[in-house]
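Reading through the structure tokens given below for one structure.
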């Protein structure tokens, strides 16, 4: 089967995804008999292009990465993301526009448009899950297409797909872990004596924190991930603002030093548990010692422990490998895995 | 769809599996429209029974657990496991006979017979994987049935299914971890001051070590799991005797005490990595400190870190929950998950 792909948002993650597709082209063909072409690209600052006969992605990557527009690759005039979705004739849309925590837009509109046109919709955008999971899932089902979002938590490592495909009828009662890599890296660097401000600057320099770091340090990113996990895996819609939330701004250098002297560590811990009919979510700093599985998660590592009725404590940890930062390549793999899963049914 | 099930081997794991089926009966029906009946049971010491119209499993459990024979539930004379497979008219066979590390028999014969009769074959028996993976996988494929074995490592938690369903085209280059819960519990108890012999006795008393503990303490169980993982996930048939193997007998109380004083711990570490065309497997005690993810795995916990080309460090850890031992219920869930996956295609 041949699949036409369109990319809405063409930042680091989407470009890593295109490169991953190119690298796995041979295996996709030999293992699953899948071929693909790219027929639409919408960028934030480098224009828009559609061509149902296929866009040369090598050239498109080059244009964008050298700061130029991709408009010349378009065979018809398109001037926004919805145009690209509409005219790409794609079978699969990858949505990677910036996250809007409050409304989930415009990502939700992109997913809705793609599904309505009979495309699978695959996104790393948490906003779509916390603000429109039920609607988009039902829409996808009515079109016999898939709405997939593996890369929204634990950066591309299997979590949603594991529950969906490998843990049938498991009832999730609670989860707990570290799901914001940036704050974990900040706290790790503070333990090595760096100031909070310098640690934030370091995270910005390697591209894992935004210019405005409040989404991470105030716990919003963790809270939105708690919401996404509870919504999908505990069948309990939970909004980020319903999650009890405290960030790491109150954790001083002195507190980190004191903890270290006691062989303990401050961690920004995210959790959720069932309480009767509802699910209670929480993000807050906690002091942990070496008996906690969170103690050993350093740097940009993250991980979650799931308690279910069938497997009492199942943990997934995504850790740094020496010399490698978790990053866009891993998030891209989550999108790639969603693609394979969606098209294989 | 209605499925007839037969159980070859009816020990703790198989009986837990029957109870899990009963507990999930409503959800199987409402979620997947799956119903089932048990049409064959082969026990080690309590006889054999087949009845294509369905055996009352509540009564069968009661008979076996009170030490009586189940023969009265049979509607035709059967006197061995192959008879049960042959006459049960089952759609799915669960194989839970005792493991034979050297030959994989009689489990391999049971799986072969079931597949040849057009049944899915699901087993927790490692021998079938290390001694006949390729043959049984090809046989299953030729019959359009599934040969599944999730419960052979990490006691029922998703590993094989995660790679199969949730990590498409990931290339596994190495893995490392703790995969024998018994030796980990022995070493944990020695750290608390118990002697090796008393720790072994404790493990026997709670049913996680055999009367002859050498399969665990000499590293054979870990080695056979390394073989199974390498064979399936690295496409590299590896026999247990090809795994470099050293158990924990040489780890003295004095060594454990010394390590503790240095804030370190002895762990029986299992690993495998690609070396050119082949895969090198290894089981040996290692001294780890708190920077290692293995340091915090205590008691009967186990876990593995996988390095792949797409996700550099993906770890799965199955840990004890206070007051609960990992055990037959979790292994049973792995078999249950295999069932759902097999029948849903």
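Residue numbers (this note's numbering), protein chains in the order written: chain A, 1 to 345; chain B, 346 to 690. Idealized CB from N, CA, C, for every residue including glycine.
Secondary structure of residue i, DSSP reduced to three states
i, result
"residue 122 of chain A", "strand"
"residue 323 of chain A", "Residue placement at residue 323 of chain A is flagged as unreliable, the pLDDT there being 47, under the threshold of 50; a coordinate-derived value is accordingly withheld."
"residue 98 of chain A", "coil"
"residue 285 of chain A", "strand"
"residue 273 of chain A", "strand"
"residue 161 of chain A", "helix"
"residue 265 of chain A", "strand"
"residue 438 of chain B", "strand"
"residue 418 of chain B", "helix"
"residue 335 of chain A", "helix"
"residue 295 of chain A", "coil"
"residue 515 of chain B", "coil"
"residue 187 of chain A", "helix"
"residue 17 of chain A", "helix"
"residue 380 of chain B", "strand"
"residue 647 of chain B", "strand"
"residue 5 of chain A", "strand"
"residue 308 of chain A", "strand"
"residue 196 of chain A", "helix"
"residue 317 of chain A", "strand"
"residue 259 of chain A", "helix"
"residue 459 of chain B", "helix"
Distance between beta carbons of residue j and residue i, contact taken as under 8 Å
i, j, result
"residue 643 of chain B", "residue 337 of chain A", "Contact doesn't hold; Cβ gap of about 32 Å is too wide."
"residue 208 of chain A", "residue 181 of chain A", "6 Å"
"residue 317 of chain A", "residue 301 of chain A", "7 Å"
"residue 466 of chain B", "residue 459 of chain B", "4 Å"
Environment of residue i [buried if 16+ CB atoms lie within 10 Å]
i, result
"residue 669 of chain B", "Bear in mind that the predicted position of residue 669 of chain B carries a pLDDT of just 49, short of 50, making it too unreliable to give a figure here."
"residue 189 of chain A", "buried"
"residue 722 of chain B", "Shown here, chain B extends from 346 to 690; a query on residue 722 of chain B therefore has no answer."
"residue 561 of chain B", "buried"
"residue 85 of chain A", "buried"
"residue 515 of chain B", "buried"
"residue 1 of chain A", "exposed"
"residue 176 of chain A", "buried"
"residue 597 of chain B", "exposed"
"residue 676 of chain B", "buried"
"residue 45 of chain A", "exposed"
"residue 378 of chain B", "exposed"
"residue 329 of chain A", "buried"
"residue 261 of chain A", "exposed"
"residue 626 of chain B", "buried"
"residue 613 of chain B", "buried"
CA nearest to the CA of residue i, picked from the options
i, options, result
"residue 532 of chain B", "B:487, B:521, B:354 and B:547", "B:547"
"residue 232 of chain A", "A:191, A:152, A:96 and A:63", "A:152"
"residue 279 of chain A", "A:268, A:172, A:291 and A:177", "A:172"
"residue 146 of chain A", "A:178, A:155, A:119 and A:250", "A:119"
"residue 455 of chain B", "B:636, B:354 and B:538", "B:354"
"residue 363 of chain B", "B:621, B:376 and B:383", "B:383"
"residue 197 of chain A", "A:248, A:163 and A:228", "A:248"
"residue 414 of chain B", "B:394, B:425 and B:401", "B:394"
"residue 105 of chain A", "A:127, A:60, A:28 and A:335", "A:127"
"residue 622 of chain B", "B:453, B:579 and B:487", "B:579"
"residue 157 of chain A", "A:333, A:344, A:342 and A:340", "A:333"
"residue 462 of chain B", "B:538, B:469 and B:484", "B:484"
"residue 225 of chain A", "A:256, A:55, A:179 and A:115", "A:179"
"residue 60 of chain A", "A:6, A:343 and A:102", "A:6"
"residue 508 of chain B", "B:660, B:427, B:480 and B:442", "B:660"
"residue 366 of chain B", "B:388, B:403 and B:392", "B:403"
"residue 616 of chain B", "B:609, B:648 and B:601", "B:648"
Residues that residue i contacts on chain A, provided the C-beta gap is smaller than 7 Å
i, result
"residue 510 of chain B", "161, 165 and 166"
"residue 372 of chain B", "169"
"residue 503 of chain B", "162, 166 and 167"
"residue 629 of chain B", "By Cβ distance, chain A contributes nothing, its closest Cβ being about 21 Å from residue 629 of chain B, past 7 Å."
"residue 376 of chain B", "169"
Beta-carbon neighbours of residue i, restricted to chain A and to distances below 9 Å
i, result
"residue 662 of chain B", "293, 303, 305, 313, 314, 315, 316 and 317"
"residue 572 of chain B", "Near residue 572 of chain B there are no residues of chain A at all, since even the closest Cβ is about 22 Å away, more than 9 Å."
"residue 635 of chain B", "263, 290, 295 and 296"
Contact set between residue i and chain A, taken where Cβ atoms lie within less than 8 Å
i, result
"residue 473 of chain B", "The contacting residues do not exist; residue 473 of chain B stays about 20 Å from chain A at best."
"residue 478 of chain B", "Those do not exist, as residue 478 of chain B stays about 18 Å from chain A at its closest Cβ, beyond 8 Å."
"residue 536 of chain B", "Those do not exist, as residue 536 of chain B stays about 12 Å from chain A at its closest Cβ, beyond 8 Å."
Where residue i meets chain B, residues with beta-carbon distance less than 8 Å
i, result
"residue 340 of chain A", "513 and 514"
"residue 333 of chain A", "515, 655 and 656"
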